[in-house]
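S.K.:
Protein chains: 2
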Amino acid sequence: MALGKDYAGQDCSLARALEDVGERWTLLVLRDCFFGVRRFTDLQAHLDISRAVLTARLADLVAAGLLERREYRPGRHEYLLTEQGRALWPAVFALVQWGERFRAPNGPRRLFVHATCGATVDPTGACPGCGAHPGPEDLEIHPGPAASTRRDDAVSLVLRAPHRLLEPITPGAG
Amino acid sequence: MALGKDYAGQDCSLARALEDVGERWTLLVLRDCFFGVRRFTDLQAHLDISRAVLTARLADLVAAGLLERREYRPGRHEYLLTEQGRALWPAVFALVQWGERFRAPNGPRRLFVHATCGATVDPTGACPGCGAHPGPEDLEIHPGPAASTRRDDAVSLVLRAPHRLLEPITPGAG
DNA sequence: CGGCGTGGTTCGGTGAACGAACCGAGCAAC
DNA sequence: GTTGCTCGGTTCGTTCACCGAACCACGCCG
Numbered sequence: 001m002a003l004g005k006d007y008a009g010q011d012c013s014l015a016r017a018l019e020d021v022g023e024r025w026t027l028l029v030l031r032d033c034f035f036g037v038r039r040f041t042d043l044q045a046h047l048d049i050s051r052a053v054l055t056a057r058l059a060d061l062v063a064a065g066l067l068e069r070r071e072y073r074p075g076r077h078e079y080l081l082t083e084q085g086r087a088l089w090p091a092v093f094a095l096v097q098w099g100e101r102f103r104a105p106n107g108p109r110r111l112f113v114h115a116t117c118g119a120t121v122d123p124t125g126a127c128p129g130c131g132a133h134p135g136p137e138d139l140e141i142h143p144g145p146a147a148s149t150r151r152d153d154a155v156s157l158v159l160r161a162p163h164r165l166l167e168p169i170t171p172g173a174g
Numbered sequence: 175m176a177l178g179k180d181y182a183g184q185d186c187s188l189a190r191a192l193e194d195v196g197e198r199w200t201l202l203v204l205r206d207c208f209f210g211v212r213r214f215t216d217l218q219a220h221l222d223i224s225r226a227v228l229t230a231r232l233a234d235l236v237a238a239g240l241l242e243r244r245e246y247r248p249g250r251h252e253y254l255l256t257e258q259g260r261a262l263w264p265a266v267f268a269l270v271q272w273g274e275r276f277r278a279p280n281g282p283r284r285l286f287v288h289a290t291c292g293a294t295v296d297p298t299g300a301c302p303g304c305g306a307h308p309g310p311e312d313l314e315i316h317p318g319p320a321a322s323t324r325r326d327d328a329v330s331l332v333l334r335a336p337h338r339l340l341e342p343i344t345p346g347a348g
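Respectively, the protein sequence lines represent chains A and B. Taking the working numbering, the leading residue of the first sequence gets 1, the next gets one more, and so forth. Taking the working numbering, the leading residue of the second sequence gets 175, the next gets one more, and so forth.
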């Protein structure tokens, strides 16, 4: 959300949350993490964000405990959602659904499918099959009727295919 | 959230939503509107925000169709949530609950009570009494066990008393 | 050992947020 | 009828974050 991350005067849990996720790009970074993007280069390519800002956002998120930075090979790092980070899914989902309802005139761009039921969850996040509110680990993302084909970078192409949330994507390899 | 409101490269409903509510202060302004704050002066006093920035945020929210600006007396205006604005409640609630869970070590600061059942809704927004997910018009806000007494401006005092969401508060009069 | 991919850092410029001051329309009391 | 108050702003100069572009170090690969 915002830049200046300081809402010190506000004694409110919303303000505390926004201090961690309120800055520009932060929620889009987390969205990509939910969608399976894990590597600095992939995030940078997919978000069209300055490297300096991405570095700062990732460092902030790691410091806040929402992401974990892991060396998966000497000199190579990946960023994984922690439990705190995964707990943001309802907020991310609610914002996505608001955008789908009011800012997607041609219909939804993406659908979220409860993996164990095969049913598309409704805008409140409930599965019409079993009535549960599945977490990200039980959801698949599928292109919706108004899915976009505008971006053609490698990350966007891979993300366009149906896949389980949180599962790592691999734009480079197979 | 962020300042620069342009996520043009992102073809995603989350990015579209953040273009309207992603700037700094915007979600806190909407929170106050849900809590019943309607007037420029009350928002400014409660948020400790620069008048210039508040003017800009309110104008943006009106232009985006989330707030409506109404003259309730010659020269005096109030800001009301539109349907689009009220539809953001699940997102605001989800962020508040995340903050309550991970950034409120002494317990919840506020409780949301389903007005028709009298039961406190759970972190998913469901009423344990009837199972429904009440909207803001059916919720009351009550101070929680870790409610703060730090702020003592007139708006904070009035907001601290239990009241129905969306109902206008009146710090000046009775 | 030369080139490439990854994961950054550095730098100068732009623009937003900030606090403080100023402003004008209504209203109310004196 | 003018002084003073409140409401709802606007203006101004400073500070600070974001931005794109360039640079850089490490490890691997042929």
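We put the beta carbon where it would ideally sit given N, CA and C, even for glycine.
Could you tell me how far apart the beta carbons of V203 (chain B) and L217 (chain B) are, in whole angstroms, since I believe they sit closer than 8 Å?
M.R.: Indeed, because the Cβ distance is near 6 Å, the residues count as touching under 8 Å.
S.K.: Under 8 Å, do E167 (chain A) and G85 (chain A) count as touching if we go by C-beta distance?
M.R.: No; because the gap between Cβ atoms is not below 8 Å, this pair is not in contact.
S.K.: Can you list, in chain order, the residues of its chain with a C-beta nearer than 8 Å to that of L221 (chain B)? Leave out the 5 residues immediately preceding and following it.
M.R.: Excluding sequence neighbours, L221 (chain B) sits near W199, L202, V203, D206, L228.
S.K.: Examine chain A for any beta-carbon lying closer than 8 Å to the beta-carbon of R231 (chain B), and answer yes or no.
M.R.: Chain A, which has no Cβ nearer than 8 Å to the Cβ of R231 (chain B), makes this no.
S.K.: Taking a cut of 7 Å between CB atoms, which residues from the segment 121-153 of chain A lie near chain B?
M.R.: Correct list: T124, H133, S148, R150, R151.
S.K.: List, in chain order, every chain B residue whose beta-carbon is nearer than 9 Å to that of C12 (chain A).
M.R.: Residues of chain B passing the Cβ test: L202, R205, V270, G273, R283, R284, S322.
S.K.: Please report how far the alpha carbon of L232 (chain B) lies from the alpha carbon of C304 (chain B), in whole angstroms.
M.R.: Spanning the two alpha carbons is a distance of roughly 36 Å.
S.K.: Could you give the DSSP three-state label for P143 (chain A): helix, strand or coil?
M.R.: In the structure shown, P143 (chain A) sits in a strand (DSSP, three-state: E or B).
S.K.: Here's a check: name, in chain order, each residue in its chain whose Cβ is nearer than 6 Å to the Cβ of E100 (chain A), leaving out the five neighbours to either side.
M.R.: Once the five neighbours on either side are set aside, the close Cβ partners of E100 (chain A) are P108.
S.K.: Alpha carbon to alpha carbon, how far is L157 (chain A) from R177 (chain A)? Give it in angstroms, no decimals.
M.R.: In the structure as shown, chain A begins at 1 and stops at 174. Residue 177 (chain A) is therefore absent and cannot be evaluated.
S.K.: Exposed or buried, G22 (chain A), counting other C-beta atoms within 10 Å across all chains shown (16 or more means buried)?
M.R.: Buried, since its Cβ has 16 or more Cβ neighbours within 10 Å.
S.K.: Report buried or exposed for S187 (chain B), applying the criterion of at least 16 other Cβ atoms within 10 angstroms of its Cβ.
M.R.: When all chains shown are included, S187 (chain B) counts as buried.
S.K.: Return no unless some Cβ of chain A is closer than 8 Å to the Cβ of A293 (chain B).
M.R.: It does not: the Cβ of A293 (chain B) has no partner Cβ on chain A nearer than 8 Å.
S.K.: Tell whether a beta-carbon distance below 8 Å holds between L81 (chain A) and L66 (chain A).
M.R.: Result yes, Cβ atoms of L81 (chain A) and L66 (chain A) sit closer than 8 Å.
S.K.: Counting only Cβ pairs nearer than 9 Å, list the residues of chain A close to V211 (chain B).
M.R.: Under the 9 Å cutoff, chain A gives no residues; its nearest Cβ is about 13 Å from V211 (chain B).
S.K.: Which same chain residues, not among the five before or five after E242 (chain B), have their C-beta less than 6 Å away from its C-beta?
M.R.: So the list reads L254, T256, once near-sequence residues are dropped.
S.K.: Considering only residues of the segment 263-294 of chain B, which uninterrupted alpha helix (DSSP H) runs meet the minimum length of 4 residues and lie entirely inside it, listed in chain order?
M.R.: Entirely contained in the segment 263-294 of chain B, the alpha helix (DSSP H) runs reaching 4 residues are, in chain order, 263-276.
S.K.: Near F267 (chain B), what residues of its chain come up, given a Cβ to Cβ distance below 7 Å and the 5 sequence neighbours on each side ignored?
M.R.: Excluding residues within five positions, the ones whose Cβ falls inside 7 Å are G299.
S.K.: Nearest-angstrom Cα distance between P279 (chain B) and D11 (chain A)?
M.R.: Their Cα atoms are separated by approximately 13 Å.
S.K.: Does DSSP put R198 (chain B) in a helix, in a strand, or in coil?
M.R.: DSSP places R198 (chain B) in coil when its eight states are reduced to three.
S.K.: When we look at the beta-carbon of P162 (chain A) and count the other beta-carbons within 10 Å, is it buried (16 or more) or exposed?
M.R.: Counting Cβ neighbours within 10 Å, P162 (chain A) comes out exposed, since fewer than 16 surround it.
S.K.: Pull the bridge partners of H163 (chain A) from the DSSP assignment, please.
M.R.: For H163 (chain A), which the question treats as bridged, DSSP gives the partners A:I141.
S.K.: Keeping to the same chain, check which residues put their C-beta closer than 6 Å to that of A45 (chain A); ignore five residues upstream and five downstream.
M.R.: D153, V155.
S.K.: Leaving out the 5 sequence neighbours to the left and right, which residues in its chain are closer than 7 Å to R225 (chain B) when beta-carbon positions are compared?
M.R.: Closer than 7 Å at the Cβ level, and outside the excluded window around R225 (chain B), lie Q218.
S.K.: So which of B:R284, B:R247, B:F276, B:G309 has the shortest CA-CA distance to W263 (chain B)?
M.R.: Comparing Cα-Cα distances from W263 (chain B) to each of B:R284, B:R247, B:F276, B:G309, the minimum goes to B:G309.
S.K.: Starting from H251 (chain B) and walking both ways along the beta strand (DSSP E), at which residues does that stretch end?
M.R.: Where H251 (chain B) is concerned, the enclosing beta strand (DSSP E) stretches over 250-255.
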